[in-house]
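Heads up: the sequence lines are chains B and S, in that order. 235 is the number that this note's numbering gives to position 235 of the first sequence; each next residue is one higher, with no gaps. 494 is the number that this note's numbering gives to position 142 of the second sequence; each next residue is one higher, with no gaps. The beta-carbon is built from N, C-alpha and C at its ideal position, and this holds for glycine as well. Bear in mind that the values here come from a model prediction, so they are computed numbers and not experimental data. Presented below is the structure to which this report refers.
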Amino acid sequence: MRRKIDVLSRTLAVLLPLSPMVAHACATCGCTLSTDAATGYSAQEGWRVNLEYAWLDQDELRHGNGSASPRDIIDRPADPSADASEIERDTYNRYINLAVSWHPNADWSFSLLAPFLRRDHTTYGEFEAPFQPSYVSAQNVSGARVSGMGDVKLLVGYQGFLPTRNFGVIAGVKLPTGRYGGGNEDGTITGDPVLFNSGPLRGEALDASLQAGTGSTDAIVGAYWYQPVSQNFDAFANGQFQAAVSHRMDIPGVDFRPGNQFSLNVGLRYEAHADWVPQLQLNLLRKSADQGALADRADSAGTVAYLSPGLSVSLHRNLQAYGFVQVPLYSHLEGYQLFPRWAATLGLSMAF
Amino acid sequence: MPRAFAILLVLLVLPMADRARAGNDLVPGAPAPPITLTTLDGRQLNTRDLHGKVVILTFWATWCAPCREELPLLSRYAQRHARNGLVVLGFSLDTPDKLDEVRQVAKRLSFPVGLLGDPHVPGYGRIWHLPVNFTIDREGNLVDDGWKDKDPVWTQERLGRIVTPLLQIPR
Numbered sequence: 001m002r003r004k005i006d007v008l009s010r011t012l013a014v015l016l017p018l019s020p021m022v023a024h025a026c027a028t029c030g031c032t033l034s035t036d037a038a039t040g041y042s043a044q045e046g047w048r049v050n051l052e053y054a055w056l057d058q059d060e061l062r063h064g065n066g067s068a069s070p071r072d073i074i075d076r077p078a079d080p081s082a083d084a085s086e087i088e089r090d091t092y093n094r095y096i097n098l099a100v101s102w103h104p105n106a107d108w109s110f111s112l113l114a115p116f117l118r119r120d121h122t123t124y125g126e127f128e129a130p131f132q133p134s135y136v137s138a139q140n141v142s143g144a145r146v147s148g149m150g151d152v153k154l155l156v157g158y159q160g161f162l163p164t165r166n167f168g169v170i171a172g173v174k175l176p177t178g179r180y181g182g183g184n185e186d187g188t189i190t191g192d193p194v195l196f197n198s199g200p201l202r203g204e205a206l207d208a209s210l211q212a213g214t215g216s217t218d219a220i221v222g223a224y225w226y227q228p229v230s231q232n233f234d235a236f237a238n239g240q241f242q243a244a245v246s247h248r249m250d251i252p253g254v255d256f257r258p259g260n261q262f263s264l265n266v267g268l269r270y271e272a273h274a275d276w277v278p279q280l281q282l283n284l285l286r287k288s289a290d291q292g293a294l295a296d297r298a299d300s301a302g303t304v305a306y307l308s309p310g311l312s313v314s315l316h317r318n319l320q321a322y323g324f325v326q327v328p329l330y331s332h333l334e335g336y337q338l339f340p341r342w343a344a345t346l347g348l349s350m351a352f
Numbered sequence: 353m354p355r356a357f358a359i360l361l362v363l364l365v366l367p368m369a370d371r372a373r374a375g376n377d378l379v380p381g382a383p384a385p386p387i388t389l390t391t392l393d394g395r396q397l398n399t400r401d402l403h404g405k406v407v408i409l410t411f412w413a414t415w416c417a418p419c420r421e422e423l424p425l426l427s428r429y430a431q432r433h434a435r436n437g438l439v440v441l442g443f444s445l446d447t448p449d450k451l452d453e454v455r456q457v458a459k460r461l462s463f464p465v466g467l468l469g470d471p472h473v474p475g476y477g478r479i480w481h482l483p484v485n486f487t488i489d490r491e492g493n494l495v496d497d498g499w500k501d502k503d504p505v506w507t508q509e510r511l512g513r514i515v516t517p518l519l520q521i522p523r
């Protein structure tokens, strides 16, 4: 009988054991990179700080598995019962994600994840069929900028099931710390939403799903695993489910509940070198439709997959830098949604 | 375009997978890469200084059950054959926070032990599974490449087959 135990690389033993993707208030977009896998899982005691800059430009209209045009949105609306359909133009997102985690011992960890975001959104507004080329003229463009802290996550992780500590579970909450709100067609405002600051929609509330926060408290559960699979390669997988358990925008007519989301990340890390680790992630995200009167129910669900090549580099004994590019491999989007052609992430991680 | 980019990336990664099959510089019959054990009491033992000895490099950890089974056997064998020029160097992959446990195990062993630290060992590749052992003859050549052993745990039979013949060769 073959008896051997795979060793968990100490080059993995650096930084964030349980920093999952930071939740962003957007449709089925590209916020999917697994930072924990990027920097390596850890059983080291002490503190870790991770600072990350990510950006994605949702500049492509998509429907189902393919591209869509403004004409499609108007002449083949996602919700045929609606009087008009919105032609969105672009959503440019930039995030600074701060994660602080504390490991009192090799088994337990406690983390706080705080996203700070700047989001520039433009739209042509809502129009009735049939489509007119004038709908997408510059004079119809309205813009809004969301800037500030998003929704904070608090997470607890446990990885004491195996002596090798290469399997762990996490649980936690996402809190409604980000600015949230919205307005319905009657002009009734709830929360404290960011308003359009230019164009014909100036003064109207930006969509609830595009605000910095969702106004909801979400429960989070997940698990992760990693394992050397050859002398030079480690494999990893992690999954996470997030669902709103309460939402502050709960008044009928101006209510909003973000859709549930499930993410699955799998990948390989090339561990031949202690100081630099090329890796490849496959990031899958399934999001169900947002709910409530302020939700764009027909245009907020979908399944996407990204291929994410990246590199992490040890700059110093306890300091790592990493960079990733995310390229969409597959998308199946309900309704019409703005989708990124690519996304990128740069980060620094420090353990002490 | 994104799909073409993804395919290109996969094609770039495939050669890495090919290289990963080797992952080390070990060739049986060729000189074994030198390695230094820093023992728990601070001594430096380098295989370069052990010419004329038969050397077993054993990699283990306190949490590795098969390792804990083979260590007493290896310890008795090392003690019995020390006069024939056998040296065993024990590299523990435990982290420094497990040092007390490592010391407890080391106390019962007849050979020197130290913490490996970085599992990337030049020439031997990343120590990615345990136990793994390498045997070096009196000329400093690698005799047994532990990465190629289907059952890497030391047994009396295996010691007799691989190590004992080397000890019978006069110094």
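Simplified DSSP assignment, three categories, for B/Trp-276: Three-state result, B/Trp-276: strand.
Spatially closest choice to B/Gly-143 from B/Ala-205, B/Ser-81, B/Gly-199, by CA coordinates: When only C-alpha atoms are compared, the closest one is B/Gly-199.
Might you give, ordered along the chain, the residues of its own chain that have their beta carbon closer than 6 Å to the beta carbon of S/Val-495, omitting 5 neighbours on each side? The residues are Thr-487, Asp-489.
Do S/Asn-398 and S/Pro-386 have their C-beta atoms closer together than 8 Å? Cβ atoms of S/Asn-398 and S/Pro-386: closer than 8 Å.
For S/Gly-475, which beta-bridge partners are listed by DSSP? Paired residue(s): none; S/Gly-475 is not in a bridge.
Is the CB of B/Ala-272 under 8 Å away from at least one CB in chain S? The beta-carbon of B/Ala-272 is placed less than 8 Å from the nearest beta-carbon of chain S.
Considering only residues of the region 299-351 of chain B, which uninterrupted beta strand (DSSP E) runs meet the minimum length of 3 residues and lie entirely inside it, listed in chain order? With a minimum length of 3 residues, the continuous beta strand (DSSP E) runs that stay inside the region 299-351 of chain B are 302-316, 319-351.
At the level of alpha carbons, what is the spacing between B/Glu-51 and B/Phe-241? The residue you asked about is not Glu; residue 51 of chain B is Leu in the sequence shown. Between B/Leu-51 and B/Phe-241, the C-alpha separation is close to 23 Å.
Could you list which residues in chain S have their beta carbon closer than 8 Å to that of B/Pro-228, in chain order? Within chain S, the residues placing a beta-carbon under 8 Å from that of B/Pro-228 are Arg-478, Trp-480, His-481, ordered along the chain.
Quick check on DSSP: helix, strand or coil for B/Ser-359? Residue 359 of chain B lies beyond the range of chain B shown here (1 to 352); nothing can be said about it.
Can you pull the chain B neighbours of S/Asn-398, defined as C-beta to C-beta under 9 Å? Chain B residues near S/Asn-398: none, gap ~20 Å exceeds 9 Å.
Is B/Leu-285 near the ligand ADP - that is, is its Cβ less than 7 Å away from at least one heavy atom of it? Within the structure as shown, the ligand ADP is missing, as the structure has no ligands at all.
Can the beta-carbon of B/Ala-219 be found closer than 8 Å to that of B/Val-254? Not closer than 8 Å, so no.
Of the residues B/Asp-299, B/Ala-243, B/Gly-310, the one placed nearest B/Ala-68, counting alpha carbons only: Considering only alpha carbons, the answer is B/Asp-299.
Which class does B/Asp-416 belong to by DSSP, given the choice of helix, strand or coil? A query on residue 416 of chain B cannot be resolved here, the shown segment of chain B reaching from 1 to 352 and no further.
Same chain, Cβ closer than 6 Å to B/Asn-65, five either side skipped, listed in chain order: Within the same chain, B/Asn-65 has close Cβ partners His-332.
Nearest neighbour of B/Lys-287, chosen from B/Trp-276, B/Gln-326, B/Ala-301 [CA to CA]: The option with the nearest alpha carbon to B/Lys-287 is B/Ala-301.
Rounded Cβ spacing between B/Ile-74 and B/Tyr-135 (contact assumed at less than 8 Å): Right, their Cβ atoms sit about 7 Å apart.
Beta-carbon spacing of B/Ala-418, B/Tyr-306 below 8 Å: In the structure displayed, chain B extends from 1 to 352; residue 418 of chain B sits before or after that span and is not available.
Applying the criterion that 16 or more other CB atoms from any shown protein chain within 10 Å of the CB defines a buried residue, is B/Ala-293 buried or exposed? Buried.
Taking the DSSP output, what are the residues bridged to B/Asn-283? In DSSP, B/Asn-283 forms a bridge with B/Asn-265, B/Tyr-306.
Proximity test, Cβ basis, 8 Å: B/Gly-30 and chain S: Because the pLDDT of B/Gly-30 is 46, which lies under 50, any placement of that residue in the model is unreliable, and the question is left without a value.
Roughly how far, in whole angstroms, is the beta-carbon of B/Val-152 from the beta-carbon of B/Leu-112, given that I think they are within contact range, below 8 Å? The Cβ separation is near 7 Å, so the contact holds.
Considering only the alpha carbon of each residue, which of B/Leu-346, B/Glu-271, B/Asp-207, B/Pro-340 lies closest to B/Glu-60? Residue B/Pro-340 is the option with its Cα nearest to B/Glu-60.
What does the alpha-carbon distance come out to for the pair B/Leu-195 and B/Gln-291? Within the model, the alpha-carbon separation for B/Leu-195 versus B/Gln-291 is close to 21 Å.
Could one say the Cβ of S/Asn-485 lies closer than 8 Å to chain A's Cβ atoms, at least one of them? The chain labelled as chain A is not found among the protein chains of the depicted structure, namely B and S.
Within-8 Å CB hit, S/Asp-449 to chain B: For S/Asp-449, the answer is yes, since a Cβ of chain B falls inside 8 Å of its Cβ.
Can you give the Cα-Cα distance for B/Ala-99 and B/Ala-114, rounded to whole angstroms? Between B/Ala-99 and B/Ala-114, the C-alpha separation is close to 6 Å.
Take the Cβ of S/Val-454 as the centre, count every other Cβ of all protein chains shown within 10 Å, and call the residue buried at 16 or more, exposed below. By the neighbour-count rule (16 or more Cβ atoms within 10 Å), S/Val-454 is buried.
Would you mind stating whether B/Gly-239 and B/Leu-264 have Cβ atoms separated by less than 8 Å? Result yes, Cβ atoms of B/Gly-239 and B/Leu-264 sit closer than 8 Å.
How big is the Cα-Cα spacing for S/Pro-338 and S/His-433? The requested residue 338 of chain S is not part of the displayed model; chain S covers only 353 to 523.
Whose C-alpha, out of S/Pro-424, S/Gly-475, S/Leu-482, is nearest the C-alpha of S/Lys-459? S/Lys-459 has its Cα closest to that of S/Pro-424, out of S/Pro-424, S/Gly-475, S/Leu-482.
Could you spell out where the beta strand (DSSP E) holding B/Val-141 opens and where it closes? Under the DSSP assignment, B/Val-141 falls outside any beta strand (DSSP E); it carries neither an H nor an E label.
Would you call S/Trp-480 buried or exposed, if buried means 16 or more other Cβ atoms sit within 10 Å of its Cβ? Of the residues assessed, S/Trp-480 falls on the buried side of the cut-off, its CB having 16 or more other CB atoms within 10 angstroms.
Quick one: what's got a C-beta closer than 6 Å to B/Ala-237's C-beta in the same chain, skipping five residues either side? If the five residues before and after B/Ala-237 are omitted, its C-beta is found closer than 6 Å to the C-beta atoms of Trp-225, Val-266, all from its own chain and listed in chain order.
Give the residues of chain B in contact with S/His-403, contact being defined as C-beta atoms less than 8 Å apart. Within chain B, no C-beta atom comes nearer than 8 Å to that of S/His-403; the closest sits roughly 28 Å away.
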